[in-house]
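For reference, the structure discussed in these notes is given below.
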Amino acid sequence: MKTITEQLQTTVRDEADVLVVGGGVAGVAAAVAARRQGAEVMIVEKTALFGGLATNGLINWFEPLCDGEGTQLMYGLPEELLRRSIQDGPDTLPEIWKDRSVPVDPARVVHQKQHPVGGRYGTYFSPTMFQLALDELLRNERIRIRLCMSGVRPLMEGGRCLGVITESVTGREAYLAGAVIDATGDASVLHRAGVPCVKGKNYFTFIAQEPDASGPRGSLPNRRWRSIGASLYGVGHPPGYIHYSGTDTGEETAFLLDGRRLLQDMIREGKIPGRDITALPAQAQFRTSRRLDGGAVLTEADQARRQDRSVALLCDFDRPGAWYELPFECLYHPAFDNLLAAGRMISAAGWAWDVTRVIPSCIASGEAAGTAAALAVLRDAPLRALDVTLLQQRLRAGNVRLHRDEA
Ligand SMILES: Cc1cc2nc3c(=O)[nH]c(=O)nc-3n(C[C@H](O)[C@H](O)[C@H](O)COP(=O)(O)OP(=O)(O)OC[C@H]3O[C@@H](n4cnc5c(N)ncnc54)[C@H](O)[C@@H]3O)c2cc1C
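Each position in the sequence shown, counted from 1, maps to that position plus 651 in our numbering.
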């Protein structure tokens, strides 16, 4: 392969205690959590809008915060963001969860996830209303924001990250920070910093949104998912079609162009009765690309296992009654002082990873990463030396449940 050598001198534009790269739900949660610990926080997002896959990627179903048997497991920022996602717009929240000052009546729980009365504590939301709500939240918290800016290279000194080089319409700049949270979904910062990562494998699942001519008139029925290709379990993956790793720009382009071409074919073949599409995804819908191989890896064997160093309690969105406690070590690699992962790229494998990558879990790991980053900077401690009891105390003060018996 041909290479060129660049010699660059880069302006240092700004400095913060905590720098978050990526403004999906995990990045926003991380930024808010760090700020609420008193840190100066900056968030950098490469698109024009916050929310990542949940908004730009049209994934507007907030998986549940409850265990499917009437008990709420997730509070803190996952619940705050769920409520914010529907505060000014439509929702499909089941009746039993609408008013949380009223205890859930076990007799009304229905074992059907999206049942309008007794279903699980999840909801569809309008992606655009959620985008506006995320702007408002970051603005209210006085978090420094840079949109349309990519974090392109971490500045490493051994195992310590001094900040990140960015590219934007302004040009190439450096932002320095006490701690950096990679919330890119792709572990782009960690990978370039030399942190061990593993690659994922994706089925071809391209989702657009079409108007629903059959439903009651309202905005959420007008955002019905139109799936092209495979289900979560790979059913419908076109025979012989590649499995995307999601870590290559050629693959990313092919995913988007193939999805749009197949959708156009379906419209022409009369398979979409309304002959219209409400929205196309502005982000390739890869469930997984690259993720951290951290100090611990959460696996299915950890289901229903108590973790003394838990920083979040996660519920399984598919298997009622199942839950995981997330150890702090799934958020960083011990050889690196101040680099954290948040969201769908934390250290987990198999089905346990699937549990960590849905919207509420991404927010929960973002909340834990942001809180830890702020404490590490304000106490001048590398992550491996951070007092986890203190971290847990701070998370609990934010209404986070860490163990199943606390829910
Ligand atoms: C097909 C599919 C269906 C799904 N279904 C559901 C569902 O029904 N319910 C559910 O709860 N979850 C679902 N999920 C999972 C969920 O939507 C995502 O895993 C979650 O939203 C990821 O959040 P995140 O913040 O970790 O990452 P992302 O949403 O990927 O956010 C990463 C952000 O970082 C930005 N970024 C990337 N690189 C850089 C860079 N270098 N510099 C600056 N910014 C950068 C991106 O633009 C993006 O905004 C689904 C996912 C897929 C793909």
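We put the beta carbon where it would ideally sit given N, CA and C, even for glycine.
Checklist entry - Going by the CB atoms, is the gap between A699 and G1021 shorter than 9 Å? => result As a position in the sequence shown, residue 1021 is number 370, starting the count at 1. As a position in the sequence shown, residue 699 is number 48, starting the count at 1. No, they are not a contact pair.
Checklist entry - According to DSSP, what are the bridge partners of E1018? => result Taking the first residue of the sequence shown as 1, we reach residue 1018 at position 367. DSSP, once it has assigned bridges, lists no residue as partnering E1018.
Next on the checklist: Buried or exposed for D899, going by 16 or more other Cβ atoms inside 10 Å?
Outcome noted: The residue you call residue 899 lines up with position 248 of the sequence shown. So D899 ends up on the exposed side.
Checklist entry - Taking D944 as the reference, which of I997, T722, A758 and W712 has the closest Cα? => result Stepping through the sequence shown from its first residue, residue 944 is reached at position 293. It is I997.
Checklist entry - Closest to L798 by CA distance: which of N791, E808 and D786 is it? => result Translated into positions along the sequence shown, residue 798 becomes position 147. Residue D786 is the option with its Cα nearest to L798.
Checklist entry - Is the CB-CB distance between T835 and G678 below 9 Å? => result Taking the first residue of the sequence shown as position 1, residue 835 is located at position 184. Taking the first residue of the sequence shown as position 1, residue 678 is located at position 27. For T835 and G678, yes; Cβs fall inside 9 Å.
Checklist entry - Closest by CA to A952, which one among A963, V1006 and I923? => result Reading the sequence shown from its first residue, position 301 is the one you call residue 952. Comparing Cα-Cα distances from A952 to each of A963, V1006 and I923, the minimum goes to V1006.
Checklist entry - So is the beta-carbon of T779 under 8 Å away from any non-hydrogen atom of ligand 3? => result Although ligand 3 was asked about, the structure shown includes only ligand 1 as ligands.
Checklist entry - Using 8 Å as the Cβ pair cut-off and three pairs as the minimum, do the segment 929 to 943 and the segment 697 to 716 touch? => result Touching, per the Cβ criterion.
Item to check | Secondary structure, beta strand (DSSP E): runs of 3+ residues fully inside the segment 711 to 782 | outcome: none
Checklist entry - Since Q915 is in the alpha helix (DSSP H), which residue starts that stretch and which ends it? => result If you number the sequence shown from 1, residue 915 lands on position 264. Its alpha helix (DSSP H) spans residues T900 to R919.
Checklist entry - If we ignore side chains and look at the alpha-carbon of each, how far apart do T779 and M652 end up? => result For the purposes of this step, residue 779 is taken as the residue at position 128 of the sequence shown. For the purposes of this step, residue 652 is taken as the residue at position 1 of the sequence shown. In a straight line, the C-alpha of T779 is about 43 Å away from that of M652.
Next on the checklist: For ligand 1, is there any heavy atom lying closer than 8 Å to the beta carbon of N989?
Outcome noted: If you number the sequence shown from 1, residue 989 lands on position 338. Not under cutoff, so the answer is no.
Next on the checklist: Taking the alpha carbon of R1055 as the reference point, which residue from D718, S752, A1015 and V663 has its own alpha carbon closest?
Outcome noted: Walking along the sequence shown from the start, residue 1055 turns up at place 404. Comparing Cα positions, the closest option is D718.
Item to check | Opposing strand residues paired with E976 [DSSP bridges] | outcome: Within the sequence shown, the letter at position 325 stands for residue 976. DSSP lists L964 as partners of E976.
Checklist entry - In whole angstroms, what separates the C-alpha of C812 from that of A1023? => result Position 161 of the sequence shown, counted from the first residue, corresponds to residue 812. Position 372 of the sequence shown, counted from the first residue, corresponds to residue 1023. Rounded to the nearest angstrom, the two C-alpha atoms are 16 Å apart.
Checklist entry - Out of curiosity, what's the CA-to-CA distance linking G689 and G921? => result Mapped onto the sequence shown, residue 689 falls at position 38. Mapped onto the sequence shown, residue 921 falls at position 270. Computed Cα separation, rounded: 56 Å.
Checklist entry - Roughly how far, in whole angstroms, is the beta-carbon of Y597 from the beta-carbon of L1026, given that I think they are within contact range, below 8 Å? => result Residue 597 falls outside the range modelled here, since the chain spans only 652 to 1058, and no answer is possible.
Checklist entry - Going by Cα to Cα distance, which pick from I918, A681, P924 and P715 is closest to F701? => result Mapped onto the sequence shown, residue 701 falls at position 50. Taking only the C-alpha atoms, the option nearest F701 is A681.
Next on the checklist: If you reduce the DSSP assignment to three classes, tell me which class R877 lands in.
Outcome noted: Here residue 877 corresponds to residue number 226 of the sequence shown, with the count starting at 1. DSSP places R877 in strand when its eight states are reduced to three.
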